[in-house]
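Residue numbers (the numbering used here), protein chains in the order written: chain R, 104 to 396; chain H, 329 to 694; chain X, 63 to 328.
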């Protein structure tokens, strides 16, 4: 037995990872599996009918489910827009750190990553302070006599949600882009210049394709989790900026229809997976993303 | 007991597979006590796996390893009488050089003074006295290499395993270390097993060399025998350059055989005392420095007419590539530059005659 | 793109990232119950109000109570998992690593409701700080494994082989070589898991019982404008705490890895 233990590093490996696997099984796989199972049940009042059926999904597709479908599409749009805004904001910074910062790279990376570790709640709360009706931006602009009355349109809309999400998640995006840019051999860039590329051509033909794995990773790291966001739309979204996460929370809570909530959650994750798959296929088909193994 | 010295290492029927890839294939080998033994092969030949099996870092699927009369097949690295000098040196970055060197003594629980004295002794042996308090990242590559050596030798292993230990050093330092390694090996009387892909290194260091390919031993012999009397085309080609002529034995003629090479001619070659039956298919292997060429037609048995293709000057010697009708590869000849003037026969296109002695060609029977 | 315009952009980017957050401390010292410009004057009243706040103190105690166990358990499990993934020849490594990263990708809201269903609906567990802590371990595991695995991959495996070769047992090798070399990453993981647990809101929102954690308290007080200034003061304290811990964690992690420039921990 002891001999087997010593001679089988694989056995030792499984023993080491077993507790983690058990936790993942109990707290991740089973709950998510149950969520899926639950989505096939029905509930009226306090009684739950556990006969599996497609009623909830039928409801989501029926005319009565239009508000959930609208919400889902709007959430996809908000998350997609946020992820694109994040890429747009983050790429030049990652590029700057990778190619223009020489000595203080670590400081820059730290500066960019630290906000990520600050309480998500506080980050969004801070935007409420900035954008609010009597908030910092409005009162600041009035103080500087640039406007006479507070602008109402700053908060409680989709744009506010997109801006806030982009702010909260951009720290998440700089790193993968930076890592993929940093891997590029500077001589490759010199070669592109040498072979006649302009700076813009070099960006499009050499740097972007090489950074594509990082850009895709960054996009997914923002797009996927924001789809289920609850805090941001609750705090700065208003009625216009409400997202599918709010509806799921309400269904599980106040509306007391957990099965429908589960179905909506499953539908959301399915929609995310489908869109992610579509994006990966498109990236591959466009030739921007090639596996380089 | 009966006068024949027992081998220090006895490997029998050793097999190691990683998934479907067989790294070591039913290998049997004996290494004598006090021998400096080299495992030479291309990457992927299994030489490093064999060393790791000897060190106890991998366990075989089949076969036994006996070291100094004791079966160590199931023993882990910390139980074996072997120590290893790793390719990357594997110096512990969080320990000083002295702590690194003394690491193998920790289990002996020596008195403090003796512990320190043995470390100082080991460091001075590799000419690093006074460097003990430094950390590995503070010293040069050559110094790190010597620390790794001192660390591995401090436990007085029966066998020292060296995994490409000089690979990271530049050429000059490597040559210095060659001398030093031989010195240390002679002084300590320890069996050394060295893995290398550098045949010059293997030749200048080892008493015997095993040529490995595809997890098997192609030939185990002294450096001289491997070079002058390879047992196969593969070994002949692996060790340095060689001209190979495929032919058939026509007849034995005293100590020599007459070999007919299709479409090229007949040649005589010494069979080193062995009898070569008529009709045997053989390959003549002629090392580039063992043939000559000149613009004149020469007298003698082994002659080939050709045309100079390129001649390359390399300081102490020159390399000629000569096209010979009937041979699919140009004939290579290396000539020492005894004269400071280049000869005019080196011009491309010059017709030349190649000759070699009857003892210059080795006969390969595979 | 010239270097100059890029560095100008980078500074603007940092302003965009930091300016809203830095408004918290600015207004927390402002002598005005409304969060508006112009600033009226300096006051520490809101901090006094915060310290005197009893429910807040309770919430702080709850948060501090779970931070330690969460960090220790996540880092312990993470270390074991990293050793298995980085040092043993087990199969399905990619799948296991993928599964470990799932909590980062699945919306926390979905994790929250499904854990809630399992714990309360099926297992009948009473919600408490312990259930919050369990949820936080799940969220911390990916960070812990990534940080520890990066460090483990960062040093040569033959260091451990050399120790075995020089006569040390597997356990002694772990204690003398692996553990000291891993220590910076272990400390970093402990610190970062603490921050994650201390700041986490959404899982706590679903999984907490009677005791609120600090983020839950903040969430609750956001609805009351009168409490806003003292919430700003609290937010400022959390901000300072988080930044200090993260910078400390990075410093420890990098100090232990001389010459490594890539930031592998998120």
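Ideal Cβ positions, reconstructed from N, Cα and C, are used throughout, including at glycine.
Proximity below 8 Å, CB of residue i to CB of residue j
i	j	result
residue 546/H	residue 540/H	yes
residue 259/R	residue 339/R	yes
residue 264/R	residue 334/R	no
residue 220/R	residue 136/X	no
residue 268/R	residue 216/R	no
residue 660/H	residue 647/H	yes
residue 425/H	residue 464/H	yes
residue 629/H	residue 595/H	yes
residue 175/X	residue 355/R	yes
residue 387/H	residue 405/H	no
residue 204/X	residue 162/X	yes
residue 479/H	residue 228/X	yes
residue 131/R	residue 164/X	yes
Within chain H, the residues that residue i reaches when beta carbons sit closer than 9 Å
i	result
residue 221/X	414, 416, 418, 419, 420 and 421
Contact with chain X by residue i, beta-carbon distance below 8 Å
i	result
residue 239/R	yes
residue 432/H	yes
residue 210/R	no
residue 664/H	no
residue 331/H	Caution is warranted here: a pLDDT of 49 is assigned to residue 331/H, below 50, making its placement in the model unreliable, and the coordinate value is therefore given only provisionally. No, residue 331/H lies away from the interface with chain X (no Cβ there is under 8 Å from its Cβ).
residue 337/H	no
residue 483/H	yes
residue 192/R	yes
residue 115/R	yes
residue 105/R	Reliability fails at residue 105/R, whose pLDDT of 49 lies under 50, so the model's placement of it is uncertain and the value that follows must be treated cautiously. Answer no: the Cβ-Cβ gap between residue 105/R and chain X never drops below 8 Å.
residue 130/R	yes
residue 126/R	yes
residue 123/R	yes
residue 354/H	no
residue 411/H	yes
residue 171/R	no
CB contact check: residue i to chain R, cutoff 8 Å
i	result
residue 143/X	yes
residue 83/X	yes
residue 210/X	no
residue 324/X	For residue 324/X, the predicted model reports a pLDDT of 35, less than 50, meaning its position is unreliable and no value from the coordinates is stated.
residue 281/X	yes
residue 321/X	Residue placement at residue 321/X is flagged as unreliable, the pLDDT there being 37, under the threshold of 50; a coordinate-derived value is accordingly withheld.
residue 99/X	yes
residue 246/X	no
Interface residues of chain H facing residue i [CB-CB closer than 7 Å]
i	result
residue 218/X	416 and 418
residue 239/X	420
DSSP beta-bridge partners of residue i
i	result
residue 611/H	574/H and 692/H
residue 679/H	635/H
residue 622/H	681/H
residue 368/H	524/H and 539/H
residue 649/H	638/H and 660/H
residue 497/H	DSSP lists no partner for residue 497/H.
residue 104/X	92/X
Interface partners of residue i on chain R, CB under 8 Å
i	result
residue 263/X	222, 223, 224 and 334
Contacts of residue i in chain A (Cβ-Cβ under 9 Å)
i	result
residue 273/R	The displayed structure is made up of protein chains R, H and X, and chain A is not among them.
Contact list for residue i against chain X, beta-carbon separation under 8 Å
i	result
residue 383/H	223 and 227
residue 352/R	171 and 175
residue 536/H	Simply none; closest approach about 24 Å.
residue 44/R	Absent from the model: residue 44/R. The displayed extent of chain R is 104 to 396, so no value can be given.
Any non-hydrogen atom of the ligand MG within 7 Å of residue i CB
i	result
residue 294/R	The ligand MG is not part of this structure, which contains no ligands at all.
Within chain X, partners of residue i - CB distance below 7 Å
i	result
residue 404/H	226
Contacts that residue i makes with chain H (C-beta to C-beta distance below 8 Å)
i	result
residue 230/X	406, 431, 434 and 435
residue 214/X	The premise fails here: residue 214/X is roughly 14 Å from chain H at the closest Cβ pair, so nothing lies under 8 Å.
Cross-chain neighbours of residue i in chain R, by beta carbon under 7 Å
i	result
residue 316/X	209
Item to check | Inter-stretch contact at 8 Å, needing at least 3 Cβ pairs: the stretch 410–417 of chain H / the stretch 577–589 of chain H | outcome: no
Next on the checklist: Under 8 Å, with one C-beta from each stretch per pair, do the stretch 514–524 of chain H and the stretch 360–372 of chain H reach the 3-pair mark?
Outcome noted: yes
Next on the checklist: When you compare the stretch 639–652 of chain H with the stretch 595–613 of chain H, are there three or more beta-carbon pairs, one atom per stretch, that lie closer than 8 Å?
Outcome noted: Remark: fewer than three beta-carbon pairs, one from each stretch, lie closer than 8 Å, so the stretch 639–652 of chain H and the stretch 595–613 of chain H are not flagged as touching.
Checklist entry - Would the stretch 147–163 of chain R and the stretch 245–255 of chain R be scored as touching if the rule is three or more Cβ pairs under 8 Å? => result no
Checklist entry - Do the stretch 280–293 of chain R and the stretch 195–210 of chain R touch if we need at least three Cβ pairs shorter than 8 Å? => result yes
Next on the checklist: Tell me whether the stretch 183–191 of chain X and the stretch 111–118 of chain X touch, counting them as touching only if at least three CB pairs, one residue from each stretch, are closer than 8 Å.
Outcome noted: no
Next on the checklist: So, does the stretch 138–156 of chain R touch the stretch 187–200 of chain X, judging by three or more C-beta pairs under 8 Å?
Outcome noted: no
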